[in-house]
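Engineer:
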Amino acid sequence: MAAVELQSIVKSFGATPVLRGIDLAVADGEFMTLVGPSGCGKTTLIRIIAGIESQDSGSVLIGGSAIDHLRPHERRVAMVFQSYALYPHMSVRANLSLPLVMSRLRLHERLPLVRLLSGRRRAVMRGIEREVEAVAQQLQLGALLDRRPAQLSGGQRQRVALGRAIVRHPDVFLMDEPLSNLDAKLRVHMRTELAELHQRLGATFIYVTHDQVEAMTMSNRVAMMDSGDIIQLGTPTELYARPANVKVAQFIGSPAINFLPGTVGAGGRVELLGRQLALEVALPAGAALTIGIRPEAIAARPATAAQDGEAWLLARLRRRENLGPEHILHFDLPGADLAPIVCRAPAQLHLPADGQVALTFDTMACHLFDASGARVAARGANAGEAGGREPVVVPFRS
Amino acid sequence: MGTAAALAQPLPAQATPARIRIGRLTSLAATHAVLLAGAAFMLLPFIWMLTTSLKSPGEIFSADFTLWPRKFSAVENYDRALTSAPLLRFALNGFIICFGILVVQLLVAIPCAYALAKLKFPGRNLLFVLVLLGLCIPVQVPALPLYIALAKLELLNTYFAIMFPFFLSVFAIFLFRQFFKGFPDDIIHAARLDGMSEFEIVWRIVVPSAWPAIAAFSVFSTVAHWNDLYWPLIVVSDTRLAPPPLGMMFFADAETGSNYGALTAAATILTAPLVIAFLVARRRFIEGITMTGVK
Amino acid sequence: MRTSATLPPPPRRSRQLWIERLTGAGFAMPAFVLLLLTNLLPLIAVFYLSLTDYEFGALDAAFVGLANVKKAFADPVIRRSISNTLIYVATVLPGAVVLALVIAVLVHGRKRMRSFYEVAYFLPVTSTLIAMATVWQFLLHPRLGPVNGALRWLGLPEVPFLSDPAWALPTLAVIGIWQLLGFNMVLFLAGLSAIPKDLYEAAEIDGAASGIDRFLTITWPLLGPTTMFVIVTTSITAFKVFDTVAVMTRGGPMGSSEVLLYNIYLEGFQYFHTGYAAALTVIFLVFILAFSAFQTFALDRRVHY
Numbered sequence: 001m002a003a004v005e006l007q008s009i010v011k012s013f014g015a016t017p018v019l020r021g022i023d024l025a026v027a028d029g030e031f032m033t034l035v036g037p038s039g040c041g042k043t044t045l046i047r048i049i050a051g052i053e054s055q056d057s058g059s060v061l062i063g064g065s066a067i068d069h070l071r072p073h074e075r076r077v078a079m080v081f082q083s084y085a086l087y088p089h090m091s092v093r094a095n096l097s098l099p100l101v102m103s104r105l106r107l108h109e110r111l112p113l114v115r116l117l118s119g120r121r122r123a124v125m126r127g128i129e130r131e132v133e134a135v136a137q138q139l140q141l142g143a144l145l146d147r148r149p150a151q152l153s154g155g156q157r158q159r160v161a162l163g164r165a166i167v168r169h170p171d172v173f174l175m176d177e178p179l180s181n182l183d184a185k186l187r188v189h190m191r192t193e194l195a196e197l198h199q200r201l202g203a204t205f206i207y208v209t210h211d212q213v214e215a216m217t218m219s220n221r222v223a224m225m226d227s228g229d230i231i232q233l234g235t236p237t238e239l240y241a242r243p244a245n246v247k248v249a250q251f252i253g254s255p256a257i258n259f260l261p262g263t264v265g266a267g268g269r270v271e272l273l274g275r276q277l278a279l280e281v282a283l284p285a286g287a288a289l290t291i292g293i294r295p296e297a298i299a300a301r302p303a304t305a306a307q308d309g310e311a312w313l314l315a316r317l318r319r320r321e322n323l324g325p326e327h328i329l330h331f332d333l334p335g336a337d338l339a340p341i342v343c344r345a346p347a348q349l350h351l352p353a354d355g356q357v358a359l360t361f362d363t364m365a366c367h368l369f370d371a372s373g374a375r376v377a378a379r380g381a382n383a384g385e386a387g388g389r390e391p392v393v394v395p396f397r398s
Numbered sequence: 399m400g401t402a403a404a405l406a407q408p409l410p411a412q413a414t415p416a417r418i419r420i421g422r423l424t425s426l427a428a429t430h431a432v433l434l435a436g437a438a439f440m441l442l443p444f445i446w447m448l449t450t451s452l453k454s455p456g457e458i459f460s461a462d463f464t465l466w467p468r469k470f471s472a473v474e475n476y477d478r479a480l481t482s483a484p485l486l487r488f489a490l491n492g493f494i495i496c497f498g499i500l501v502v503q504l505l506v507a508i509p510c511a512y513a514l515a516k517l518k519f520p521g522r523n524l525l526f527v528l529v530l531l532g533l534c535i536p537v538q539v540p541a542l543p544l545y546i547a548l549a550k551l552e553l554l555n556t557y558f559a560i561m562f563p564f565f566l567s568v569f570a571i572f573l574f575r576q577f578f579k580g581f582p583d584d585i586i587h588a589a590r591l592d593g594m595s596e597f598e599i600v601w602r603i604v605v606p607s608a609w610p611a612i613a614a615f616s617v618f619s620t621v622a623h624w625n626d627l628y629w630p631l632i633v634v635s636d637t638r639l640a641p642p643p644l645g646m647m648f649f650a651d652a653e654t655g656s657n658y659g660a661l662t663a664a665a666t667i668l669t670a671p672l673v674i675a676f677l678v679a680r681r682r683f684i685e686g687i688t689m690t691g692v693k
Numbered sequence: 694m695r696t697s698a699t700l701p702p703p704p705r706r707s708r709q710l711w712i713e714r715l716t717g718a719g720f721a722m723p724a725f726v727l728l729l730l731t732n733l734l735p736l737i738a739v740f741y742l743s744l745t746d747y748e749f750g751a752l753d754a755a756f757v758g759l760a761n762v763k764k765a766f767a768d769p770v771i772r773r774s775i776s777n778t779l780i781y782v783a784t785v786l787p788g789a790v791v792l793a794l795v796i797a798v799l800v801h802g803r804k805r806m807r808s809f810y811e812v813a814y815f816l817p818v819t820s821t822l823i824a825m826a827t828v829w830q831f832l833l834h835p836r837l838g839p840v841n842g843a844l845r846w847l848g849l850p851e852v853p854f855l856s857d858p859a860w861a862l863p864t865l866a867v868i869g870i871w872q873l874l875g876f877n878m879v880l881f882l883a884g885l886s887a888i889p890k891d892l893y894e895a896a897e898i899d900g901a902a903s904g905i906d907r908f909l910t911i912t913w914p915l916l917g918p919t920t921m922f923v924i925v926t927t928s929i930t931a932f933k934v935f936d937t938v939a940v941m942t943r944g945g946p947m948g949s950s951e952v953l954l955y956n957i958y959l960e961g962f963q964y965f966h967t968g969y970a971a972a973l974t975v976i977f978l979v980f981i982l983a984f985s986a987f988q989t990f991a992l993d994r995r996v997h998y
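Chains as they are written, first to last, in the working numbering: chain H, 1 to 398; chain U, 399 to 693; chain A, 694 to 998.
1. Could you work out which residues of chain A lie near GLY532 of chain U, taking near to mean beta carbons separated by less than 8 angstroms?
2. At what residues does the alpha helix (DSSP H) containing ARG200 of chain H begin and finish?
3. Can you tell me whether ARG807 of chain A is helix, strand or coil according to DSSP?
4. Who are the near neighbours of ALA970 of chain A in its chain, counting only those whose CB is closer than 7 angstroms to its CB and skipping five residues on each side?
5. Looking only at DSSP bridge pairs, what is TYR207 of chain H linked to?
6. Closer than 7 angstroms by C-beta to SER59 of chain H: which residues in its own chain qualify, once you throw out the five before and the five after it? Chain order, please.
7. Around the C-beta of ASN322 of chain H, are 16 or more other C-beta atoms found within 10 angstroms, so that it is buried, or is it exposed?
8. Indicate the three-state DSSP secondary structure (helix, strand or coil) for ASN322 of chain H in the structure shown.
9. Over the uninterrupted alpha helix (DSSP H) stretch that includes LYS550 of chain U, give me the two end residues.
10. In terms of residue numbering, what span does the beta strand (DSSP E) encompassing ASP226 of chain H cover?
11. Quick test of your reading: HIS327 of chain H and ARG319 of chain H, contact by CB under 8 angstroms. State the CB separation rounded to the nearest angstrom.
12. Can you list, in chain order, the residues of the stretch 939-970 of chain A whose Cβ is nearer than 9 angstroms to any Cβ on chain U?
13. Classify ARG106 of chain H: buried if its beta carbon has 16 or more other beta carbons within 10 angstroms, exposed otherwise.
14. Where does the unbroken beta strand (DSSP E) through ILE341 of chain H begin, and where does it stop?
15. Taking the continuous alpha helix (DSSP H) assigned at GLY750 of chain A, which residues delimit it?
16. Listing by chain order, which chain A residues have their CB less than 7 angstroms from the CB of LEU518 of chain U?
17. Hey, could you find the ends of the beta strand (DSSP E) MET125 of chain H is sitting in?
18. With a 10 Å radius around its C-beta and 16 neighbouring C-beta atoms as the bar for buried, classify ASP592 of chain U as buried or exposed.
19. Where in the stretch 474-530 of chain U do unbroken runs of the alpha helix (DSSP H), each at least 4 residues long, occur, reported from the N-terminal end onward?
20. Measuring only the C-alpha atoms, how far is VAL411 of chain H from PRO295 of chain H?
21. Could you tell me the distance, in whole angstroms, from the CA atom of PRO853 of chain A to the CA atom of PRO835 of chain A?
22. Below 7 angstroms between beta carbons: does that hold for LEU982 of chain A and CYS534 of chain U?
23. With a threshold of 8 angstroms on Cβ separation, who are the neighbours of PRO817 of chain A within its own chain once the five nearest residues in sequence on each side are excluded?
24. Put ARG316 of chain H into one of helix, strand or coil per three-state DSSP.
25. Find the residues of chain A that neighbour TYR207 of chain H, judging by a C-beta separation of less than 8 angstroms, and give them in chain order.
26. Return the residue from the list U:PRO643, U:MET561 and U:ALA515 that minimises the CA-CA distance to GLY498 of chain U.
27. Between H:THR217, H:LEU349 and H:ALA339, which has its C-alpha nearest PRO325 of chain H's C-alpha?
28. Would you call the stretch 159-172 of chain H in contact with the stretch 132-140 of chain H, where contact means no fewer than 3 C-beta pairs closer than 8 angstroms?
29. Report whether the distance from the Cβ of ILE870 of chain A to the nearest heavy atom of the ligand HEM is below 6 angstroms.
30. Would you call the stretch 137-150 of chain H in contact with the stretch 936-947 of chain A, where contact means no fewer than 3 C-beta pairs closer than 8 angstroms?
31. Name the two residues that bound the continuous alpha helix (DSSP H) containing GLY14 of chain H.
32. Return the CA-CA distance between LYS550 of chain U and VAL633 of chain U, expressed in angstroms with no decimal places.
33. Would you call ASN777 of chain A buried or exposed, if buried means 16 or more other Cβ atoms sit within 10 Å of its Cβ?
34. Going by the CB atoms, is the gap between ALA559 of chain U and LEU553 of chain U shorter than 7 angstroms?
35. Quick check on LEU794 of chain A - is its C-beta less than 7 angstroms from some C-beta in chain H?
36. Along the chain, where does the beta strand (DSSP E) that runs through ASP229 of chain H open and close?
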């Protein structure tokens, strides 16, 4: 009914390719987020779905039928713009009514003086007004119906933009970074509102954002894009737990994942800073690896308390950020010229200032990527133990 | 209930893709047809002026119309125009007058606008009200008393007389004040702390940042005063001082009714400077006009 | 040297304040003096002169009160002149505003030919009107001009554009439109460029896709301030018509193209009836102020959001 399918969408602006053959299937009623850095093509993609931009090749299908030849207002989609694009000279009521007026009244029933001659117009307008009131109630805009956009706050304008989309009862809602103009607190509040709206309406939502928190918290599935391609498509958990690419790993999760350079040693054994880890990969010896460890996968304790038989890194505390319930710790690895390692720790953790700290991590929680950035599967290196999660007895300190 | 539901249906879609494309092509063709017709109307006098100035009297007075001259009489026409009236002198007068007016306008208006925008002094509000009032009063209103005063001072027929009423441009004051108001106060405070006098601050720091507005206004002022007829007509009777419009009027009088070739040659010579300047500095011209709309 | 963004103002001791006031007054003084000399004093003088019967060159003059004004309104020449001027404005206004809007809307969407059209339409604005007036005279010449030539070619009768009382004023009005169109077009183009593009996109999605719908829903309402400005400046500029009358028709034939400013010029600087001319100038000023006041009160409210 309202499933969206994109087949091989290609788009270039002049000589610059922006979309390089996008294939995507969004299920009916799904909340799909397109996420990625600026310039990845996500906004262009939803503009193509809306019809205000046309693709160079490829097809857009809604409900199984191709809609490429349909004009935007015939496609049964609604769009919320980043700037809201509210008509500044019209009241909120008129803004919300416009889509219905355009679709239900004929041209001569809309022209300024001529429309007074139409009897049908009055009846249609009454119906429109009822629907607009209902939507306004839903979004708590009832008291604001006679105001102009310039007299509204950012959050109120956003709700009007949403209302204008809802009033059309579209099959697909397209949203282009609708929360990016709001302040942080309001953004958190609106995330919940949008998620609940999605539940209530049951429509298909395609949502564009560069904020990974929005992508993680609101979506059924996330498509991460980069430079005109979809580099991973999956549920938020999949993107978090099994990123297909360094870019995905880096984008999802806050604070961002730590990357350490590694190599492949003899027998496919993973080596980090000259020491072996209990991991094996199916790559030739000497291949370069990027090892990713999430801040939440690292535990820190004073070096003196480190146990023999654990894998740990020797580090020196550089900075401690107090978030209240937890702290973010930044560490330098002395002797290795690397970016600081970030880890999360409970607020009560006591570490000696300027002291030596041991950073331990579960080797099976490492994400391994090859030289091109693609994910590499790893096995626990203790033969016989199926995916063993025990840290291996290879203590190393630098 | 049935009718309410029926009224709530969207109207059926109208056009097929093919019809849309044909519709778009015809509207594009119609657009260009209208625009080209209008452009032809706009350019007709210029084209006619140029081609007539190249024609011989025989052709001009003949009954049939050709666009391009059959016999090239450009040299005769232009020579006739240049010798029977000091056209180049008129153009020179135009330059002198416009330049003189512009320099004084800027020298007077910029400090005044700065003072109105950034400094507190007694009478500031009164002055601004007077400026606003001045915007509503066209130059033809004080013309009479100014003429009498200049006549009594025996200053008629001088460059000064032509330029005097325009030395103050309330429009310039208004425009620059808007611009200066937007200039960050902190930079001015920092300059004061550095020991700069207010005079230096105006000319070394604030003016360079307002350069677009100043350039645009200069264009606007030059065009207005190069083409001004009313005031020069009143105060100038000596052809040696005539700016281009007045000069053209003198010339047309002298050549009553006959030599259209020379007349259009003269018109071409006198119109050329501004037209060429416009073609060269098109952006600035258009910005200047747009500034007047940005209030 | 500290140039931080939030520098506190220097300590305002009374001497500092005094210097600022002196500087401010000093900067404003030349402008103020010129304002007095070229605007205010002459304005008062005009009002005063209008109440006398002063003739330039006479030795004395008597105070006659409102006699000049009464005489003006009773004078059929002046009444015709005022009505001519108003007819001129009424003819030029729709032409120069509506046509400019149409042209601007059409040009705004073009990419390739846009520069050409901008130049073509704006060229008349930069041209010296007097010079072009001569060309127009030739263009409209009954025997030699191509316009009448074209009419003859189409089988229509010749039109004596500048020598027929019925045709003179409308002809001047067309030339006035020719000169103003480009200026207004540029103003409208600026106004059109200020309309955010995503409003049109939102409207396209909402169903306002055809040209008429886009114009009625978005373009026309958001051009309100620009349109108002164009209407006011066009009416004021049209009311001040003088150049074409002075050069092409000299008020003729039979006074059919006499306009107010031309009469002021004649009375004040040819016949030297200074007092009378001053009264006419006051009437002129009242009309101009009325046009400006119309903007401030009537249109301003309806147009801003």
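Ideal Cβ positions, reconstructed from N, Cα and C, are used throughout, including at glycine.
Structural biologist: On the basis of the data shown:
1. Those within 8 angstroms of GLY532 of chain U in chain A are LEU728 and ASN732.
2. 184-201 is the extent of the alpha helix (DSSP H) around ARG200 of chain H.
3. The answer is helix: DSSP assigns ARG807 of chain A an H, G or I state.
4. The beta carbon of ALA970 of chain A sits closer than 7 angstroms to those of ILE957, GLU960 and GLY961, all from its chain and outside the five residues before and after it, given in chain order.
5. According to DSSP, which records beta bridges pairwise, TYR207 of chain H is partnered with H:THR33 and H:MET175.
6. Counting only Cβ-Cβ distances below 7 angstroms, and skipping sequence neighbours, we find GLN7, ALA66 and ASP68.
7. By the 10 Å Cβ count, ASN322 of chain H comes out exposed.
8. Residue state, collapsed to three classes: strand.
9. Here the alpha helix (DSSP H) through LYS550 of chain U covers 541-550.
10. Start and end: 221-226.
11. A Cβ-Cβ distance of about 10 angstroms is found for the pair HIS327 of chain H and ARG319 of chain H, leaving them out of contact under the 8 angstroms criterion.
12. For the stretch 939-970 of chain A, which is checked against every Cβ of chain U, the residues closer than 9 angstroms are ALA939, VAL940, LEU954, ILE957, TYR958, GLY961, PHE962, THR967 and ALA970.
13. It counts as exposed.
14. Membership of ILE341 of chain H in the beta strand (DSSP E) is indicated by the continuous run 341-346.
15. Premise fails: GLY750 of chain A is in no alpha helix (DSSP H) and is neither H nor E.
16. Leu is not the amino acid found at residue 518 of chain U; the sequence shown has Lys there. Chain-order list of chain A residues neighbouring LYS518 of chain U: GLU713, ARG714 and GLY717, by C-beta distance under 7 angstroms.
17. DSSP places MET125 of chain H outside any beta strand (DSSP E); the residue lies instead in the alpha helix (DSSP H), whose first and last residues are 119-138.
18. Residue burial is scored here from C-beta neighbours: ASP592 of chain U has fewer than 16 other C-beta atoms within 10 angstroms and is therefore classed as exposed.
19. Secondary structure in the stretch 474-530 of chain U: the alpha helix (DSSP H) runs of 4 residues or longer, each lying completely within the stretch, are 485-516 in chain order.
20. Not covered by the structure: residue 411 of chain H. The range shown for chain H is 1 to 398.
21. Across the structure, PRO853 of chain A and PRO835 of chain A are spaced so that their CA atoms are roughly 6 angstroms apart.
22. A Cβ-Cβ contact shorter than 7 angstroms links LEU982 of chain A with CYS534 of chain U.
23. Cβ neighbours of PRO817 of chain A within its own chain (closer than 8 angstroms, five residues either side excluded): MET825, TRP871, GLN872, LEU874 and GLY875.
24. DSSP places ARG316 of chain H in strand when its eight states are reduced to three.
25. Contact of TYR207 of chain H with chain A by beta-carbon distance below 8 angstroms is absent, the smallest such distance being about 16 angstroms.
26. Per the Cα distances, U:MET561.
27. Per the Cα distances, H:LEU349.
28. When Cβ pairs closer than 8 angstroms are counted between the two stretches, the stretch 159-172 of chain H is seen to touch the stretch 132-140 of chain H, the count reaching three or more.
29. Annotation note on the ligand HEM: not contained in the displayed structure, which lists no ligands.
30. Between the stretch 137-150 of chain H and the stretch 936-947 of chain A there are fewer than three C-beta pairs closer than 8 angstroms, too few to call the two in contact.
31. Careful: GLY14 of chain H lies outside any alpha helix (DSSP H) and carries neither H nor E.
32. LYS550 of chain U and VAL633 of chain U: Cα-Cα distance of roughly 12 angstroms.
33. Buried, by the Cβ-count rule.
34. A Cβ-Cβ contact shorter than 7 angstroms links LEU553 of chain U with ALA559 of chain U.
35. Put simply, the CB of LEU794 of chain A is far from chain H, with every gap to its CB atoms at 7 angstroms or more.
36. Element bounds for ASP229 of chain H: 229-234.
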